[in-house]
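Data first, discussion second: the structure below is written as structure tokens.
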Amino acid sequence: MSLSKFDRKHYTQGKTPIEYLANLTDILGGPEIYLKHDDLLGLAGGGNKTRKLEFLVADAQRQGADTLITCGAPQSNHCRLTLSAAKKEGMHAVLVLSETVPGSYREDAGGNNFLYKLLNPLDMIVVPGACDLNDTMHLHAKTLQAEGYKPYVIPMGGSNAIGCLGYIVCAEEIVEQANDLNIEFTHAITPTGSCGTHTGLLMGLRSLHVQTRVIGISVNYSRDKHVKRIAQLAQKVNNELFPERKIVIENDDIIVFDDYIGSGYSLPTEGMREAVHLLARCEAILLDPVYTGKAMAGLINLIRKGHFKKSDKVLFLHTGGSPALYHFADYLL
Ligand SMILES: Cc1ncc(COP(=O)(O)O)c(C=O)c1O
Numbered sequence: 139m140s141l142s143k144f145d146r147k148h149y150t151q152g153k154t155p156i157e158y159l160a161n162l163t164d165i166l167g168g169p170e171i172y173l174k175h176d177d178l179l180g181l182a183g184g185g186n187k188t189r190k191l192e193f194l195v196a197d198a199q200r201q202g203a204d205t206l207i208t209c210g211a212p213q214s215n216h217c218r219l220t221l222s223a224a225k226k227e228g229m230h231a232v233l234v235l236s237e238t239v240p241g242s243y244r245e246d247a248g249g250n251n252f253l254y255k256l257l258n259p260l261d262m263i264v265v266p267g268a269c270d271l272n273d274t275m276h277l278h279a280k281t282l283q284a285e286g287y288k289p290y291v292i293p294m295g296g297s298n299a300i301g302c303l304g305y306i307v308c309a310e311e312i313v314e315q316a317n318d319l320n321i322e323f324t325h326a327i328t329p330t331g332s333c334g335t336h337t338g339l340l341m342g343l344r345s346l347h348v349q350t351r352v353i354g355i356s357v358n359y360s361r362d363k364h365v366k367r368i369a370q371l372a373q374k375v376n377n378e379l380f381p382e383r384k385i386v387i388e389n390d391d392i393i394v395f396d397d398y399i400g401s402g403y404s405l406p407t408e409g410m411r412e413a414v415h416l417l418a419r420c421e422a423i424l425l426d427p428v429y430t431g432k433a434m435a436g437l438i439n440l441i442r443k444g445h446f447k448k449s450d451k452v453l454f455l456h457t458g459g460s461p462a463l464y465h466f467a468d469y470l471l
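For the sequence shown, our numbering assigns the number 139 to the initial residue and increments by one for each residue that follows.
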């Protein structure tokens with residue numbers, strides 16, 4: 139699949155490494171567990187949104203934009219990375235922060251909130267969780283336009299068709315690395331939130347005829363909701379970006395587990411706490427409490443339940459987010 143027709147920025151030098159987690163594999167008694175370090179992607183603090191932003195920011199600039207508007211939760215990695223990309227490009231950024239958990243925005247919070255302030259957005263707007271974020275962003279875009287700015291709205295999580303291109307690229311990278319390492323990954327595990335990562339990865343692998351099973355661990359919504367969203371997003375990618383060469387995704391190829399959310403998005407669980415501790419202490423890998431901690435909790439639990447064969451080779455996608463660790467320090471220690 140040639141992606142050369144799409145404008146793209148490059149925020150990372152080379153490929154992110156794939157590391158074999160020998161200690162974790164031993165502790166859990168197999169399957170073989172590998173980790174793709176997308177936490178080491180470029181921009182401030184790295185993480186999966188950097189890949190999406192390479193295409194989204196290029197599209198924004200092609201349209202003549204000078205200001206990026208996006209949204210997320212108070213500890214949003216996506217907001218931090220969008221703001222970071224804006225700074226790199228000499229653009230402005232406006233963040234709309236949604237209190238998905240009522241009362242969760244704290245002016246003096248650390249983690250990503252500290253980094254927003256350090257990076258210095260043009261504006262930061264905190265809205266109640268019930269607020270329609272697309273409406274809010276587009277309304278704000280109109281105000282900015284009236285003031286002479288040229289805004290470009292990036293949806294929640296950067297998960298539109300263009301954003302998905304980032305993980306189509308990642309799939310190509312994984313396939314090249316797997317060939318170099320002479321490994322066939324039987325499964326890939328990713329946290330699934332706004333679905334762009336899962337959709338892009340799945341489409342990228344299938345476009346290369348690689349049958350690695352992509353397992354999404356939901357951090358927010360039910361399995362059914364995610365399956366529907368991923369199918370719709372895949373259709374959008376096909377219709378908007380590859381109308382002449384569609385990448386067919388069957389519904390039963392969309393695998394999501396929704397058993398590891400706990401009482402809600404961003405709220406800690408015992409499984410997450412165990413996973414964050416285990417990975418820090420046996421592999422010196424920092425997971426985050428909202429996404430990768432819960433996804434790893436899912437992987438550990440699926441292994442304990444016998445979901446995998448000992449001979450399987452599982453690739454865990456570390457999508458970043460460790461700045462949020464510092465916000466949750468009290469709970470984690
Ligand atoms: C660290 C991290 N991992 C995973 C995700 C989920 O990715 P997606 O929104 O593409 O499903 C996010 C989304 O914000 C994230 O910040």
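Every residue gets a Cβ at the ideal spot worked out from N, C-alpha and C, and that includes glycine. Computed from a predicted structure; not experimentally measured.
Say the cut is 8 Å; is the CB of residue i nearer than that to a heavy atom of ligand 1?
{"i": "residue 161", "result": "no"}
{"i": "residue 239", "result": "no"}
{"i": "residue 450", "result": "no"}
{"i": "residue 457", "result": "yes"}
{"i": "residue 155", "result": "no"}
{"i": "residue 400", "result": "no"}
{"i": "residue 465", "result": "no"}
{"i": "residue 236", "result": "no"}
{"i": "residue 175", "result": "no"}
{"i": "residue 430", "result": "yes"}
{"i": "residue 329", "result": "yes"}
{"i": "residue 251", "result": "no"}
{"i": "residue 215", "result": "yes"}
{"i": "residue 222", "result": "no"}
{"i": "residue 360", "result": "no"}
{"i": "residue 307", "result": "no"}
{"i": "residue 267", "result": "no"}
{"i": "residue 272", "result": "no"}
{"i": "residue 180", "result": "no"}
{"i": "residue 396", "result": "no"}
{"i": "residue 186", "result": "yes"}
{"i": "residue 297", "result": "yes"}
{"i": "residue 210", "result": "yes"}
Please check the pair residue i and residue j, which I expect to be a contact at CB under 8 Å, by giving their CB distance rounded to whole angstroms.
{"i": "residue 361", "j": "residue 396", "result": "4 Å"}
{"i": "residue 235", "j": "residue 214", "result": "7 Å"}
{"i": "residue 457", "j": "residue 259", "result": "So it is not a contact: roughly 22 Å between Cβ atoms."}
{"i": "residue 181", "j": "residue 226", "result": "7 Å"}
{"i": "residue 434", "j": "residue 413", "result": "4 Å"}
{"i": "residue 398", "j": "residue 432", "result": "5 Å"}
{"i": "residue 166", "j": "residue 441", "result": "5 Å"}
{"i": "residue 451", "j": "residue 323", "result": "5 Å"}
{"i": "residue 149", "j": "residue 204", "result": "Not confirmed; about 19 Å, so no contact."}
{"i": "residue 263", "j": "residue 276", "result": "Contact flag wrong, Cβ pair sits at about 13 Å."}
{"i": "residue 346", "j": "residue 310", "result": "7 Å"}
{"i": "residue 230", "j": "residue 224", "result": "6 Å"}
{"i": "residue 420", "j": "residue 161", "result": "4 Å"}
Between residue i and ligand 2, is there a pair consisting of the residue's CB and a ligand heavy atom that are separated by less than 8 Å?
{"i": "residue 333", "result": "Among the ligands modelled here, namely ligand 1, ligand 2 does not occur."}
Is the separation between the beta-carbon of residue i and that of residue j shorter than 9 Å?
{"i": "residue 185", "j": "residue 176", "result": "yes"}
{"i": "residue 429", "j": "residue 248", "result": "no"}
{"i": "residue 217", "j": "residue 210", "result": "yes"}
{"i": "residue 292", "j": "residue 301", "result": "yes"}
{"i": "residue 290", "j": "residue 201", "result": "yes"}
{"i": "residue 238", "j": "residue 404", "result": "yes"}
{"i": "residue 401", "j": "residue 426", "result": "no"}
{"i": "residue 219", "j": "residue 188", "result": "yes"}
{"i": "residue 379", "j": "residue 299", "result": "yes"}
{"i": "residue 295", "j": "residue 332", "result": "yes"}
{"i": "residue 232", "j": "residue 271", "result": "no"}
{"i": "residue 443", "j": "residue 169", "result": "no"}
{"i": "residue 315", "j": "residue 156", "result": "yes"}
{"i": "residue 179", "j": "residue 195", "result": "no"}
{"i": "residue 307", "j": "residue 342", "result": "yes"}
Taking residue i as part of the alpha helix (DSSP H), name the residues at either end of that continuous run.
{"i": "residue 470", "result": "467-470"}
{"i": "residue 354", "result": "No alpha helix (DSSP H) holds residue 354; the beta strand (DSSP E) holding it covers 351-356."}
{"i": "residue 336", "result": "334-345"}
{"i": "residue 265", "result": "Segment 261-266 is the beta strand (DSSP E) holding residue 265; no alpha helix (DSSP H) there."}
{"i": "residue 236", "result": "Residue 236 -> not in any alpha helix (DSSP H); beta strand (DSSP E) instead, spanning 230-237."}
{"i": "residue 156", "result": "Run containing residue 156: none in the alpha helix (DSSP H); it sits in the beta strand (DSSP E), 156-158."}
{"i": "residue 383", "result": "Note, residue 383: premise wrong, no alpha helix (DSSP H); not H, not E."}
{"i": "residue 284", "result": "271-284"}
{"i": "residue 223", "result": "215-227"}
If you follow the beta strand (DSSP E) that residue i is part of, which residue opens it and which one closes it?
{"i": "residue 210", "result": "205-210"}
{"i": "residue 407", "result": "Here residue 407 belongs to no beta strand (DSSP E), and DSSP marks it neither H nor E."}
{"i": "residue 395", "result": "393-395"}
{"i": "residue 452", "result": "451-456"}
{"i": "residue 198", "result": "Premise fails: residue 198 lies in the alpha helix (DSSP H), 187-200, not in any beta strand (DSSP E)."}
{"i": "residue 173", "result": "170-175"}
{"i": "residue 330", "result": "325-330"}
{"i": "residue 321", "result": "Segment: none, residue 321 is in no beta strand (DSSP E) and carries neither H nor E."}
{"i": "residue 290", "result": "289-291"}
Determine, using beta-carbon pairs with one atom in the stretch 348-358 and one in the stretch 383-393, whether at least three such pairs fall under 8 Å.
-> Yes: at least three Cβ pairs fall under 8 Å.
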